[in-house]
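Trainee:
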Amino acid sequence: MSTATAALLYTSVDSPIGELLLLSDGRALRGVHMQEGRSPIAPPPGSEPSTEPFSEATVQLAEYFSGQRTVFDLPLVMDGTPFQQRVWGALQDIPYGTTISYGELARRVGQPTASRAVGLANGRNPIAIVVPCHRVIGADGTLTGYGGGLERKQFLLNLEIGALPLKAEENAARCV
Numbered sequence: 002m003s004t005a006t007a008a009l010l011y012t013s014v015d016s017p018i019g020e021l022l023l024l025s026d027g028r029a030l031r032g033v034h035m036q037e038g039r040s041p042i043a044p045p046p047g048s049e050p051s052t053e054p055f056s057e058a059t060v061q062l063a064e065y066f067s068g069q070r071t072v073f074d075l076p077l078v079m080d081g082t083p084f085q086q087r088v089w090g091a092l093q094d095i096p097y098g099t100t101i102s103y104g105e106l107a108r109r110v111g112q113p114t115a116s117r118a119v120g121l122a123n124g125r126n127p128i129a130i131v132v133p134c135h136r137v138i139g140a141d142g143t144l145t146g147y148g149g150g151l152e153r154k155q156f157l158l159n160l161e162i163g164a165l166p167l168k169a170e171e172n173a174a175r176c177v
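The sequence shown begins at 2 in this note's numbering and counts up one residue at a time.
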């Protein structure tokens, strides 16, 4: 099934961080989007509701949120530039319960001076949680930039690592 001629399929699942919109081409997971964050999306035009291709993704997400899964094993398709592909591939190499800085991620993709570009690519990750962009934090340990909102990033890291308090300035910014 080619996505150029066939509609994408979608479903919504509930999670501890709110509704997740899942997208698939019928063979691979193509999107996991937080609907209650800063960037909720609507199902793409022409896409069709379905639950069948999402059964394994739904199970694995439930296992992750219950603390029973530390690695996802799902077929993924991520459309992006070659640079974005490298960044997203490197995200998948960050172990569960580990964080790295944007600078470290830039070094891992062979672009040590490209922290900003890495941050932009990280922010365009179409498969949140499964491709763990939440594991990338500021060089000083602060929780920075997350499309699902910092409270969701903190929830995911707390799930994996334990309590990670936000820095005072981030708490102040969230209250504005």
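Positions of the beta carbon are idealized from the N, C-alpha and C atoms, including for glycine. Note that the structure is predicted; figures quoted are calculated from it, not measured.
Strictly by DSSP, which residues pair up with Thr-12?
Mentor: Leu-23.
Trainee: Mind checking Pro-133: buried by the 16 CB within 10 Å criterion, or exposed?
Mentor: It counts as buried.
Trainee: Among Val-119, Ala-118, Pro-127, whose alpha-carbon lies nearest the alpha-carbon of Met-35?
Mentor: The residue with the shortest Cα to Cα distance from Met-35 is Pro-127.
Trainee: Are the CB atoms of Glu-37 and Glu-20 nearer to each other than 8 Å?
Mentor: It is a contact, given that the beta carbons lie within the stated cut-off.
Trainee: Keeping to the same chain, check which residues put their C-beta closer than 6 Å to that of Tyr-97; ignore five residues upstream and five downstream.
Mentor: Cβ within range, chain order: Thr-71, Glu-161.
Trainee: On the three-state DSSP scale, how would you describe Arg-31?
Mentor: Residue state, collapsed to three classes: strand.
Trainee: Within its chain, find whatever has a CB closer than 7 Å to the CB of Thr-12; leave out the 5 residues flanking it on each side and keep chain order.
Mentor: Excluding residues within five positions, the ones whose Cβ falls inside 7 Å are Leu-23, Pro-50, Ser-51, Thr-52, Phe-55.
Trainee: Can you tell me which of Gly-120, Val-78, Glu-57, Asp-74 puts its alpha carbon nearest to the alpha carbon of Val-88?
Mentor: Closest option to Val-88, Cα to Cα, is Gly-120.
Trainee: For a test of the three-state rule: what should DSSP assign to Ile-138, helix, strand or coil?
Mentor: Strand at Ile-138.
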